[in-house]
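Novice: Numbering (the numbering used here), first residue to last: 423 to 714. Backbone N, C-alpha and C define an ideal beta-carbon position, used for all residues, glycine too. In this text the structure is predicted, and so the values were computed from the model without any measurement. Provided herewith is a single structure, encoded as structure tokens, for subsequent inquiry.
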């Protein structure tokens, strides 16, 4: 891990600028698209349904993840002239906790939406408000639980190789860190991935010949696997092998890939999917025409 006041090994100023610019673009895209989703759901009564509540929860999680990325982008650009993490040790812990909460809520939120779609399309039963609210509460409380454990001593937050954001410290190979990474990876990634994949597979098998299937059954599981998979693999590799055998630049790649998730989710779940009703921007346009 990079020290907070040292020049990151293996990075030059141009590379830091490139990473900072990529983070800034990812953050602004995620914030704008998920912000549009949140505003649409708040202003359009047509979207006030239990299934859309799950999408709203995911948009909030992805907005928080994009905000975390924005802080990392600003920190990256600041480090070009001042090679220091600008927010101190306490800021590192807060940044790591906030990023971890929203990341886990995004992963679990995708699984909750997959289960909700399965219930709607396969069991022909409408998702109840009470069930949707319980799902949202479970997603956020379980995410906060796992994110709080490193603050309580099981696991640890530390600087990423570039030193511009904080995440789980995978450089330590003691029993404390390895046990947390394995346990968290199983409950917070593998189980949600299994729920997402299984739910959409069952939907596709049952409704393959029906025109009622209006959701993309392959993209959600692919997003979890291709965007979060490298990040999880990096942590597990660090537990089994030695993370120092990987170059700092290579260690940054999974984080940059994972930070594209808010944009992909916003396009797939809200802005690019009918979800049983009009798209949010279409509803906004309809409201404007009615007022005119």
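Can you tell me the Cβ-Cβ gap for residue 448 and residue 681, rounded? I've got them flagged as a contact below 8 Å.
Specialist: Indexing the chain shown from 1 puts residue 448 at position 26. Indexing the chain shown from 1 puts residue 681 at position 259. Yes, they are in contact, since the Cβ atoms of residue 448 and residue 681 sit about 5 Å apart, within 8 Å.
Novice: Using DSSP bridges, identify the partner residues of residue 589.
Specialist: Position 167 of the chain shown, counted from the start, is the residue given in the question as residue 589. DSSP lists 580 as partners of residue 589.
Novice: Which ranges would you report for the alpha helix (DSSP H) in the region 445–530 if only whole runs of at least 4 residues count?
Specialist: Entirely contained in the region 445–530, the alpha helix (DSSP H) runs reaching 4 residues are, in chain order, 472–500.
Novice: Could you tell me if residue 627 is buried or exposed, where buried requires 16 or more neighbouring beta carbons within 10 angstroms of its beta carbon?
Specialist: Within the chain shown, numbered from 1, the residue matching residue 627 stands at position 205. It is exposed - the Cβ of residue 627 has fewer than 16 other Cβ atoms within 10 Å.
Novice: Taking the alpha-carbon of residue 657 as reference, which of 644, 601, 640, 686 has the nearest alpha-carbon?
Specialist: Taking the first residue of the chain shown as position 1, residue 657 is located at position 235. Nearest of 644, 601, 640, 686 to residue 657, Cα basis: 601.
Novice: If you reduce the DSSP assignment to three classes, tell me which class residue 665 lands in.
Specialist: What you label residue 665 is simply residue 243 of the chain shown in a count that begins at 1. Note: residue 665 maps to helix in three-state DSSP.
Novice: Helix, strand or coil, according to DSSP, for residue 691 in the structure here?
Specialist: Position 269 of the chain shown, counting from 1, holds the residue named residue 691. It is helical.
Novice: From which residue to which residue does the alpha helix (DSSP H) around residue 650 run?
Specialist: The residue labelled residue 650 in the question sits at position 228 within the chain shown. Residue 650 -> no alpha helix (DSSP H), and no H or E assigned at all.
Novice: Since residue 578 contacts residue 599 with CB under 8 Å, what's their CB separation in whole angstroms?
Specialist: Walking along the chain shown from the start, residue 578 turns up at place 156. Walking along the chain shown from the start, residue 599 turns up at place 177. About 7 Å separates the two Cβ atoms, so the contact holds.
Novice: Give every residue of the same chain whose Cβ lies closer than 7 Å to the Cβ of residue 710, excluding the five residues on either side of it in the sequence, and list them in chain order.
Specialist: Residue numbering aside, residue 710 sits at position 288 when the chain shown is read from its first letter. For residue 710, the predicted model reports a pLDDT of 48, less than 50, meaning its position is unreliable; a value from the coordinates is still stated below. The answer is none, since no qualifying residue turns up.
Novice: Report, in whole angstroms, the separation of the C-beta atoms of residue 603 and residue 568, which I expect to be a contact under 8 Å.
Specialist: Working through the chain shown from its first residue, we reach residue 603 at position 181. Working through the chain shown from its first residue, we reach residue 568 at position 146. Contact doesn't hold; Cβ gap of about 11 Å is too wide.
Novice: CA-CA distance, residue 714 and residue 459?
Specialist: On the chain shown, position 292 is the one that residue 714 refers to. On the chain shown, position 37 is the one that residue 459 refers to. At residue 714, the pLDDT of 43 sits below 50, so the modelled position is not reliable; the number obtained from the coordinates is stated separately. Near 23 Å, if we compare the C-alpha coordinates of residue 459 and residue 714.
Novice: Mapping DSSP to helix, strand and coil, what is residue 550?
Specialist: On the chain shown, position 128 is the one that residue 550 refers to. Coil.
Novice: Residue 514 and residue 581 - do their beta-carbons sit closer together than 8 Å?
Specialist: Here residue 581 is taken as the residue at index 159 of the chain shown, counted from 1. Here residue 514 is taken as the residue at index 92 of the chain shown, counted from 1. For residue 581 and residue 514, yes; Cβs fall inside 8 Å.
Novice: How many angstroms separate the CA atom of residue 555 from the CA atom of residue 521?
Specialist: As a working mapping, residue 555 is identified with position 133 in the chain shown. As a working mapping, residue 521 is identified with position 99 in the chain shown. Roughly 23 Å separates the two Cα atoms.
Novice: Apply the 10 Å Cβ neighbour rule to residue 484 and answer buried if 16 or more other Cβ atoms are within range, or exposed otherwise.
Specialist: Here residue 484 refers to the residue found at position 62 of the chain shown. With 16 or more Cβ atoms within 10 Å of its Cβ, residue 484 is classed as buried.
Novice: Rounded to the nearest angstrom, what separates residue 675 and residue 474 at their Cα positions?
Specialist: Looking up residue 675 in the chain shown gives position 253. Looking up residue 474 in the chain shown gives position 52. Taking the straight line joining both Cα atoms gives about 32 Å.
Novice: Report the three-state DSSP secondary structure of residue 556 (helix, strand or coil).
Specialist: As a position in the chain shown, residue 556 is number 134, starting the count at 1. It is helical.
Novice: Taking 6 Å as the limit between beta carbons, can you name the residues of its chain near residue 641, skipping five residues before and five after?
Specialist: The sequence position of residue 641 within the chain shown is 219, counting from 1. Closer than 6 Å at the Cβ level, and outside the excluded window around residue 641, lie 690.
Novice: Given this structure, state the Cα-to-Cα distance separating residue 699 from residue 608, to the nearest angstrom.
Specialist: For the purposes of this step, residue 699 is taken as residue 277 along the chain shown, with counting starting at 1. For the purposes of this step, residue 608 is taken as residue 186 along the chain shown, with counting starting at 1. For residue 699, the pLDDT reaches just 42, beneath the cut-off of 50, and the residue's location in the model is therefore unreliable, although a value from the coordinates is still provided. Straight-line Cα distance between these residues: approximately 35 Å.
Novice: What does the alpha-carbon distance come out to for the pair residue 558 and residue 528?
Specialist: Taking the chain shown and counting its residues from 1, the one referred to as residue 558 is at position 136. Taking the chain shown and counting its residues from 1, the one referred to as residue 528 is at position 106. Between residue 558 and residue 528, the C-alpha separation is close to 11 Å.
Novice: Rounded to the nearest angstrom, how far is the Cβ of residue 639 from that of residue 622, given a contact under 8 Å?
Specialist: What you label residue 639 is simply residue 217 of the chain shown in a count that begins at 1. What you label residue 622 is simply residue 200 of the chain shown in a count that begins at 1. 4 Å between Cβ atoms; contact.
Novice: What do you get for residue 428, buried or exposed, if any count of 16 or more other CB atoms within 10 angstroms of its CB means buried?
Specialist: In the chain shown, residue 428 corresponds to position 6, counting from 1. Low confidence applies to residue 428: its pLDDT is 47, below 50, so where it sits in the model is not reliable enough to give any reading.
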